[in-house]
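Notes to accompany the following structure.
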Amino acid sequence: MNAERHSQWLRGVLDLCVLSLLADGESYGYRLAQALEAAGLGTIRGGTLYPVLLRLERDGLISSRWGVGDAGPARKYYRSTPLGEGELRAAADEWSVFAARVGTMLEGVRQ
Amino acid sequence: MIDDPDWLDVLAGELRLRGLPEDQVTRVLGETRAHLWDAGEDPARAFGTPSAYAAAVHESLGTPPIPARRKVVRAEAPRLQATGIGKRHGRHRLLHDVDLTVHAGEVAAIVGANGCGKSTFLRICAGVERAHAGRVVVRGSIGYCPQGGGTSDFLTPDEHFVLVGAGRGLGRDRSRGAGRALAEHLWWPRPAPIAAARLSGGTRQKLEVILTALGDPDVLLLDEPYQGFDRDSYMYFWDRVREWANEGRAIVVVTHLLDRLERADTVVDLTPSPHAAPGVRGRHHPKGTQPR
């Protein structure tokens, strides 16, 4: 797959993917990166992921707290806010419309 | 190299260069370090160069798009207005002509050397001590956190929540729920059912802060409320103060720690000035002109 194109696509939807993961419950950066990779979105570097988290938090779509786990340093745990849940629902609808339109345009050329 | 101290040091420098406040720098470093610890990755591989990552962080933390709230509340009458406050102890003039105005959504810091009257000024604002001159007008309910003495040795944290909550018109369950939620925000996840006498100094102090904030009073007066807090709790306390302000409360914090003044909208320095006439105090620094 064209890596440049893939990363451009991802840039447009990474915040929504993160919101969707956090809709299932609290999590922290590294675990979110793992979940995104497990979902087939490829390796998300810290340098890409954390700025997205900071922006979502700045805009009030997620909130955070510091927590200590079994081992290692304190981690910053994020959770979705009601505002974030609303945004996710709205964007999910818009995305499915958008993706369907692109899908229709590309339908004819698929082998 | 997994935890490359040089890379993190350079990142810290780059973040400061871009004007990030120190608490933000600490948080970004903490999160970055945790990620590197979990991932076992080379920092440059995971985050790129320190300067590129610092630039991305700085951009992501930029001004939020909806800070219009302050303008709206500004139009309202101040929550707390103290004018010309004077206080004598015998012949000694402790406070002279001190002014303080705090609107909903604002944080004021009272600073100054030991013994300059910070706590006395707060007590006057709270209405528990009488001034010899001036007047205090408070619009709304007050939560006042004195330095110690606000908790009972024999009651558990939950019992404190319920007791104080009842005094502010909250039912048993709501009091307990609100108290525990506040505890979590102050880095005290599950208050154990033990008597307050057995709590550590810092934890007991958290209990004092929680009881002050219970029932959402309009004006919060906090007298050095973070004594005994560990570093994380201290950071969390100031986050919470900001949140309370954002929720529309007016907050006054007596503090001798100057590193958090950037969090305050107003700073009143009660330290006697060597150049001023004896007893002339209460210089008022609007945001932006405060001493560092």
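If you're matching them up, the sequences are chains A and B in order. Under the working numbering, the first residue of the first sequence carries the number 35, and numbering increases by one thereafter. Under the working numbering, the first residue of the second sequence carries the number 3, and numbering increases by one thereafter. Glycine residues also receive a C-beta, built at the ideal position from the N, C-alpha and C atoms. All of these numbers come straight from a predicted model, not from anything done at the bench.
If you draw a straight line from the Cα of PRO45 (chain B) to the Cα of GLU61 (chain B), it is about 20 Å long. Short of 6 Å from the beta carbon of ARG242 (chain B), and not among the five residues preceding or following it, lie these beta carbons of its own chain, in chain order: HIS187. One thing to note: LEU82 (chain B) has its Cβ no nearer than 9 Å to the Cβ of VAL255 (chain B). For LEU88 (chain A), at least one C-beta of chain B is nearer than 9 Å to its own C-beta.
Under a criterion of Cβ atoms nearer than 7 Å, the residues of chain A adjacent to ASP234 (chain B) are, in order, TRP100, ALA108. Residue contact check for ASP40 (chain B) against chain A: a CB pair falls below 9 Å. DSSP places ILE126 (chain B) in the uninterrupted alpha helix (DSSP H) bounded by 120–128.
TYR64 (chain A) sits in a helix when the DSSP states are folded into three classes.
For TYR64 (chain A), the chain B residues whose Cβ falls inside 8 Å of its Cβ are ALA36, HIS37, ASP40, ALA41, in order along the chain. Rounded to whole angstroms, the Cβ separation of ARG182 (chain B) and PRO193 (chain B) is 7 Å, and the two are in contact under 8 Å. Cβ atoms of SER61 (chain A) and LEU55 (chain A) come within 8 Å of each other, at about 6 Å. Relative to the Cα of VAL104 (chain B), the nearest Cα in the group B:PRO80, B:THR122, B:LYS89 belongs to B:PRO80.
In this structure the region 80–100 of chain A does not lie against the region 8–23 of chain B, because fewer than three pairs of beta carbons, one per stretch, are closer than 8 Å. If only complete runs of 3 or more residues are kept, the region 79–123 of chain A shows the beta strand (DSSP E) at 96–101, 109–114, in order along the chain.
The beta carbon of ALA57 (chain A) lies closer than 7 Å to those of SER114, GLU119, LEU122 in the same chain, with the five residues before and after it left out. GLY217 (chain B) and GLY142 (chain B) do not touch by the CB rule: their CB atoms are close to 12 Å apart, not below 8 Å. Interface annotation, PHE239 (chain B): not in contact with chain A, CB-CB separation never under 9 Å. Within the same chain, Cβ atoms closer than 6 Å to the Cβ of GLN207 (chain B) are found at GLN229, GLY230, the five residues on either side in sequence being excluded. Beta-bridge partners assigned by DSSP to ARG90 (chain B): B:ARG95.
GLY167 (chain B) is classed as buried because its beta carbon has at least 16 other beta carbons within 10 Å across all chains shown.
The three-state secondary structure of ARG137 (chain B), taken from DSSP, is strand. In this structure, PHE156 (chain B) lies away from ILE212 (chain B), with their beta-carbon atoms at least 9 Å apart.
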